[in-house]
Amino acid sequence: MDNIRLRFPPSPTGKIHIGNMRTALFNWLVAEQKGGELVLRIEDTDQARSSKEFEEIIIREMQWLGLDADEGVGLGGEYGPYRQTERLDIYQKYGEKLLESGSAYKCYCTQAELEEMRKKAAENDKMPRYDGSCRNLSQKEKEAYEAEGRDYVLRFKMPEEERTIVVDDIIRGKVEFKSSVLDDFIIFKSDGMATYNFAVVIDDALMKISHVIRGEDHLSNTPKQIMLYEALSFELPEFAHLPLILDENKAKLKKRSKDSVYVGEFREQGYLPEALFNFMALLGWSSGDEEEILSKEEIVARFALEDVNKSGAVFDREKLNWMNAKYIRAAELPRIVELSIPFLIESDLIDKDYAEENRDWLAKVIDEARTGVDYLAQIPTEAELFLTDIQFEDQAAAAEEFSGEDVKLVFESLKEKLYAKKELTPERVAEIFKELKNELDVGGRTIYHPTRLAITGKGSGPEMTSVISIFGADEVAKRLDSALQLAE
RNA sequence: GCCCUCAUCGUCUAGGGGUCUAGGACACCAGGUUUUCAUCCUGGCGGCAGGGGUUCGAAUCCCCUUGAGGGUACCA
Numbered sequence: 033m034d035n036i037r038l039r040f041p042p043s044p045t046g047k048i049h050i051g052n053m054r055t056a057l058f059n060w061l062v063a064e065q066k067g068g069e070l071v072l073r074i075e076d077t078d079q080a081r082s083s084k085e086f087e088e089i090i091i092r093e094m095q096w097l098g099l100d101a102d103e104g105v106g107l108g109g110e111y112g113p114y115r116q117t118e119r120l121d122i123y124q125k126y127g128e129k130l131l132e133s134g135s136a137y138k139c140y141c142t143q144a145e146l147e148e149m150r151k152k153a154a155e156n157d158k159m160p161r162y163d164g165s166c167r168n169l170s171q172k173e174k175e176a177y178e179a180e181g182r183d184y185v186l187r188f189k190m191p192e193e194e195r196t197i198v199v200d201d202i203i204r205g206k207v208e209f210k211s212s213v214l215d216d217f218i219i220f221k222s223d224g225m226a227t228y229n230f231a232v233v234i235d236d237a238l239m240k241i242s243h244v245i246r247g248e249d250h251l252s253n254t255p256k257q258i259m260l261y262e263a264l265s266f267e268l269p270e271f272a273h274l275p276l277i278l279d280e281n282k283a284k285l286k287k288r289s290k291d292s293v294y295v296g297e298f299r300e301q302g303y304l305p306e307a308l309f310n311f312m313a314l315l316g317w318s319s320g321d322e323e324e325i326l327s328k329e330e331i332v333a334r335f336a337l338e339d340v341n342k343s344g345a346v347f348d349r350e351k352l353n354w355m356n357a358k359y360i361r362a363a364e365l366p367r368i369v370e371l372s373i374p375f376l377i378e379s380d381l382i383d384k385d386y387a388e389e390n391r392d393w394l395a396k397v398i399d400e401a402r403t404g405v406d407y408l409a410q411i412p413t414e415a416e417l418f419l420t421d422i423q424f425e426d427q428a429a430a431a432e433e434f435s436g437e438d439v440k441l442v443f444e445s446l447k448e449k450l451y452a453k454k455e456l457t458p459e460r461v462a463e464i465f466k467e468l469k470n471e472l473d474v475g476g477r478t479i480y481h482p483t484r485l486a487i488t489g490k491g492s493g494p495e496m497t498s499v500i501s502i503f504g505a506d507e508v509a510k511r512l513d514s515a516l517q518l519a520e
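This note's numbering puts the first residue of the first sequence at 33, with every later residue one more than the last.
Okay, here's the thing in structure tokens:
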């Protein structure tokens, strides 16, 4: 195979989560790096659980992360259609081929019969496998079943003789399976739809996929698929099975996991796509460099499937937070402002009109608030003190604080100096505090604490120099005056 | 149960026989900066699952045990 062709084939049975998206990312990285194509195929053979809504979410979240496919659902391409339910005629063609060549047969066993078989196998400490009852049904028996109106499935006939099937995996090396552990697995369900194992082989072959990069949970399916490749005389692609992403219990990340797992949740909480991108790339892979904040370009340049780890990786939300915080602080301010405003509106701190009219001031507030957050949904908490009227947790205690010795002197001097400066940058405010300390015979605490309380209503928060710079002289003077009034 | 995979600090990892008294990052702890919290800077704590081999020499190679995960569906 000369062309590098990758595929990401999610099944739209739920919102896309980090585990799947990381698979998409690694496929995308290889395609990007080697100038190959990435195909987005939708595996909706489970017709009961698949839905269009989930398909749309998959596409939207991939776009958000910048993982654009070159071909596939929503994009078209010469190997379509790209939705498996729309490829049924193709699967049927190959199913018939196998039926004719004797590599497949109709099986009329009922679910209850199969259940019985599994139970027996478990009792005998054997891997549950289909016993092949319907392998050599006589014409008469078949007709009898048909007459009964029994549904049938199509099973692939495993070769009789014992042999070893080797999966040559880029990440794991050669993995061997004895054919005796494989049974006559189903390739067509009784609802007439192809099963995953069958459809995936047909599609990968027909779509000329060169590298199948997927989660380790598919490793055990691979020998079955290899048998199908052989039976259909298809050329084998390269395989690479990625380590799984684990939840806090070290189990495969899934819908039931406690922590957030959906890509959408991270987007909604104000994680930046480039931060998630960077973080996911480091789950199971490392550049070998000690620097971990890597741009998309750096990751594309350095990525190699050969360097992917074999063991599962726990999704560490704390580290993602740290990384996201770094990206938030490094990002262009206008973009952060844009992304933060919806959160402020949502928190009822501001409304749309306010956001438009006070954009510059809001930018200052958000610029300050961003230094204290891990993700943008936390912006309102940090910005609140700038956007609401002052509120004391304990008004009586505050009043007492303000009535302290020298407080009035400090406040009045501060006001005077604030008005003496033209533009209140944090640096100038810092100078003012220095002067205050030198000129007034009071301790540092007497200057800072009451001041902070009077202006923000709280005992801690952003640096006073920033707070005063953002509020400006008028607002600060007003708050200092009210504090003094409270003291009386 | 059976099959497959995996195994370095709590977590993500570097390491592919000597340069390892095992390096980095997150988290944690302490100190410094900010007379606050956070940011930031500095330092610290902390690991090769266990047992056998191979070798002059194993985190690195082999075997066993243990542990973890995945698969075992008319889910994908």
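Heads up, the beta-carbon is just placed ideally off N, CA and C, and yes, glycines get one too.
query, result
"Just mark Ala429 as buried or exposed, buried being the case when its beta carbon has 16 or more other beta carbons within 10 Å.", "exposed"
"Roughly how many angstroms separate the alpha carbons of Met225 and Pro191, rounded to a whole number?", "24 Å"
"Which word fits Lys210, buried or exposed, when buried means at least 16 other C-beta atoms lie within 10 angstroms of its C-beta?", "exposed"
"With distances taken from CA atoms, which of Gly320, Glu306 and Ala263 is nearest Glu329?", "Glu306"
"Please state whether the Cβ-Cβ distance between Ala401 and Leu304 is less than 8 Å.", "no"
"Quick check: the Cα distance between Asp321 and Gly302, rounded to an integer number of angstroms?", "28 Å"
"Return yes when the Cβ of Arg39 is within less than 8 Å of the Cβ of Arg73, no when it is not.", "yes"
"Consider the C-beta atom of Tyr137 and the heavy atoms of the ligand GTP; say whether any pair is separated by less than 7 Å.", "In terms of ligand content, the structure shown is empty, and the ligand GTP therefore cannot be addressed."
"Need the endpoints of the alpha helix (DSSP H) that His273 sits in, please.", "Taken as a continuous stretch (DSSP letters only), His273 belongs to no alpha helix (DSSP H), being part of the beta strand (DSSP E) at Glu270 to Leu274."
"Helix, strand or coil: how does DSSP classify Lys210 here?", "strand"
"From the DSSP output, read off the bridge partner residues of Ala345.", "Ile277"
"Could you check if Val233 is buried or exposed, using at least 16 other CB atoms within 10 Å of its CB as the buried criterion?", "buried"
"Tell me whether Asn356 is buried or exposed, calling it buried when 16 or more other Cβ atoms sit within 10 Å of its Cβ.", "buried"
"Does the stretch 438-455 come within contact of the stretch 463-483, defined as at least 3 CB pairs closer than 8 Å?", "yes"
"Residues bridged to Leu169 by DSSP?", "Beta-bridge pairing links Leu169 to no other residue."
"For Thr483, I'd like the list of residues in its chain whose CB is within less than 8 Å of its CB, leaving aside the five on either flank, ordered along the chain.", "Val442, Phe443, Leu446, Met496 and Leu512"
"Between which residues of its own chain and Arg334 is the CB-CB distance below 6 Å, once the five residues before and five after are set aside?", "Ser319"
"Going straight from the alpha carbon of Ala431 to that of Arg367, what length do you get?", "41 Å"
"Does the distance from the C-beta atom of Ile90 to that of Pro41 stay below 8 Å?", "no"
"DSSP puts Val71 in a beta bridge; with which residues?", "Arg39 and Glu103"
"Grab me the residues of Glu248's own chain with a C-beta within less than 8 Å of its C-beta, minus the 5 sequence neighbours each way, in chain order.", "His273, Leu274, Pro275, Leu276 and Gly344"
"Using the Cα positions of Glu425 and Leu485, report the straight-line distance between them to the nearest angstrom.", "10 Å"
"Starting from His243, trace the beta strand (DSSP E) both ways and give me its first and last residue.", "His243 to Gly247"
"Check whether the stretch 173-191 touches the stretch 213-222, taking contact to mean three or more Cβ pairs, one atom from each stretch, closer than 8 Å.", "yes"
"Please tell me whether Leu97 and Met53 are closer than 8 Å, where the distance is taken between their beta carbons.", "yes"
"List the whole-angstrom C-beta distance separating Ile197 from Phe271, where the pair is believed to meet the contact cut-off of C-beta under 8 Å.", "Wrong, their Cβ atoms sit about 12 Å apart, outside the cutoff."
"Please report the Cβ distance between Leu264 and Tyr126, rounded to the nearest whole angstrom; I am assuming they are in contact, meaning their Cβ atoms lie under 8 Å.", "6 Å"
"Near Ile479, which residues of its chain fall below 7 Å by C-beta distance, leaving aside the five closest residues on each side in sequence?", "Val442, Phe465, Leu468 and Lys469"
"Label Glu256 either buried or exposed according to how many other C-beta atoms from any shown protein chain fall within 10 Å of its C-beta, with 16 as the threshold for buried.", "Just to set this straight, residue 256 is Lys in the shown sequence, not Glu. So Lys256 ends up on the buried side."
"Within 10 angstroms of the Cβ of Asn341, are there 16 or more other Cβ atoms? Answer buried if so, exposed if not.", "exposed"
"Using a 10 Å radius around the Cβ and a threshold of 16 neighbouring Cβ atoms, would you call Gln171 buried or exposed?", "exposed"
"So if DSSP puts Val198 in a beta bridge, which residue, or which two residues, is it bridged to?", "Glu208"
"What are the boundary residues of the alpha helix (DSSP H) that Lys396 is part of?", "Arg391 to Ala401"
"Between the alpha carbons of Ala63 and Asp121, how many angstroms are there, rounded?", "29 Å"
"For the stretch 410-426 against the stretch 367-381, do three or more pairs of beta-carbon atoms, one drawn from each stretch, fall closer than 8 Å, so that the two count as touching?", "yes"
"CB-CB under 7 Å to Ala56, same chain, minus the five flanking residues each way: which ones, in chain order?", "Phe40, Met94 and Leu99"
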